[in-house]
Each structure stands twice: as C-alpha cells, then as structure tokens.
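All remarks here apply to the structure that follows.
Residue numbers (the working numbering), protein chains in the order written: chain G, 14 to 124; chain H, 890 to 998.
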C-alpha cells in the first residue's frame with residue numbers, strides 16, 4: 014500500500030457534464046501529480062502541484078483543472094466532459110526527490 | 890518520435906527464466922529513471938528506480954542505465970507467474986514523469 018487514496022473508484026458521467034475526482038496523499042508528501050491513462054497506453058501527465066501551487070502542466074486543455082489543499086488532499090476537475098475523457102485517472106504523491114507513488118485510480122466512463 | 894519507447898510485447902517467458910525488458914528515451918536531460926509494474930485493472934506500482942549509469946539490483950530485479958545510449962533496461966530473474974503484468978518505463982523531466990506504453994510480460998508455467 015502506498016498510502017495514497019482516491020475517490021470514487023468508478024464513475025459514469027454523460028458528455029458535457031463536469032466531474033471532480035479526489036486524492037489524499039501521504040502525510041508529508043508535498044507534491045501531487047495527476048495522470049490520465051487510456052486503455053493500452055502509459056499514463057499521461059496532466060499537471061503537478063507543490064505546496065498548493067501548480068508546478069507544471071502537460072498537454073491538456075484548460076477544462077482540466079486542479080487544486081491542492083494544506084491537508085495533503087487534492088482534486089482534479091474536468092469540465093465539459095468528452096467521450097475521449099474516458100480513462101483511468103491516477104494521482105501520485107512524492108515527498109522529496111522524483112519517486113512518485115500512485116493511488117488506486119478512478120475509472121471514469123463518459124457516455 | 891515518442892519520448893519514451895518500449896516494445897509492447899507480449900513477452901512470453903518460461904517460469905524460472907530471465908525476462909529482459911528494454912526502454913529508450915529521447916531527452917538527454919532526463920535525470921531519473923523508473924520501472925513500474927501494473928497488473929490488469931490496477932494502478933502502477935514502483936518497483937525500481939535508478940539515477941546513475943550502471944546496474945542496480947533489488948531482489949530478483951536488476952535495472953541497467955546507459956545515459957550515453959539513452960537506454961534503460963530491467964531484468965527479472967527466476968520469473969514467476971506473479972510477474973505477469975505490464976511493465977512501464979518512466980523517465981523524469983523537471984519532476985514530470987513521462988511513461989512508455991509498457992511491455993506486457995506473460996510468464997508461462
């Protein structure tokens with residue numbers, strides 16, 4: 014167990030809706046990153062937060078947004094859902110250094 | 890050109906044999922290199938990290954890094970059926986993990 018939790022486990026949404034996914038990191042892990050993993054692909058970097066500030070962003074549109082809170086929790090918000098947003102969404106936390114530990118993921122299905 | 894490339898497999902390995910997985914990356918500035926194991930329907934699990942040229946051994950796993958050739962490999966000795974999974978190579982650029990698409994390993998009894 015990595016000590017990283019995510020909720021919900023599974024989610025079904027309709028195209029055009031909005032969704033919020035949540036992650037709770039290990040205590041002391043100041044860095045949280047979010048990834049999208051489509052079926053058969055490696056995870057793709059969405060963005061990273063360090064001490065509640067965005068610290069890098071991948072090639073995702075602005076309708077993907079996030080927040081990190083002082084209590085080591087964070088959230089990923091996706092607006093105007095599209096069918097292609099169907100994927101496994103992963104958060105990963107890190108203390109110092111580059112070793113990132115993943116939560117169990119949220120499986121999002123957009124219909 | 891993909892930034893991190895792996896053979897997709899599947900790589901079929903007899904039980905007890907050595908599985909050899911390869912990964913190349915394009916950014917010479919990459920500093921940290923990782924191997925993650927991902928079982929079907931689960932999230933990636935960090936199994937090896939390597940930061941300098943050479944070999945690093947941890948149990949049945951050995952990671953090899955050659956920065957000049959931009960090449961990382963993972964050897965799994967004495968392969969077990971429980972090693973059947975997808976192995977993801979990842980490299981770090983400014984704290985951002987870039988993954989390959991993964992190599993599926995199937996260990997056959």
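Here a beta-carbon is modelled for each residue, glycine too, at the ideal position from N, C-alpha and C. In this text the structure is predicted, and so the values were computed from the model without any measurement.
Shown here, residue 83 (chain G) sits in coil according to DSSP, grouped into three states, outside any helix or strand.
Distance between residue 71 (chain G) and residue 907 (chain H), taken at the CA atoms: about 36 Å. Taking 8 Å as the CB threshold, residue 97 (chain G) stays off the interface with chain H.
For the 8 Å CB-CB criterion, residue 933 (chain H) and residue 963 (chain H) do not form a contact.
Residues of the region 976-992 of chain H with a Cβ closer than 9 Å to any Cβ of chain G, in chain order: 977, 978, 979, 981, 983, 984, 985, 986, 987, 988, 989, 990 and 991.
Scanning G:86, G:62, G:76 and G:57 for the CA closest to the CA of residue 35 (chain G) turns up G:86. Residue-level contact check: residue 68 (chain G) touches chain H, since one or more beta carbons of chain H fall below 8 Å from its beta carbon.
Counted as a single uninterrupted DSSP element, the beta strand (DSSP E) harbouring residue 924 (chain H) occupies residues 921-927. Put simply, the CB of residue 41 (chain G) is far from chain H, with every gap to its CB atoms at 8 Å or more. Taking all protein chains in view, the Cβ of residue 56 (chain G) is crowded by 16 or more other Cβ atoms within 10 Å, so the residue is classified as buried. For the 8 Å CB-CB criterion, residue 79 (chain G) and residue 89 (chain G) form a contact. Counting C-beta atoms within 10 angstroms of its own C-beta, residue 924 (chain H) has 16 or more neighbours from the protein chains shown and is therefore classed as buried. Near chain H, meaning a CB-to-CB distance below 8 Å, no residue of the region 79-93 of chain G qualifies. Residue contact with chain G for residue 910 (chain H): absent (no Cβ-Cβ distance below 8 Å to any residue of chain G).
Residue pairing by DSSP puts residue 893 (chain H) in a beta bridge opposite H:914.
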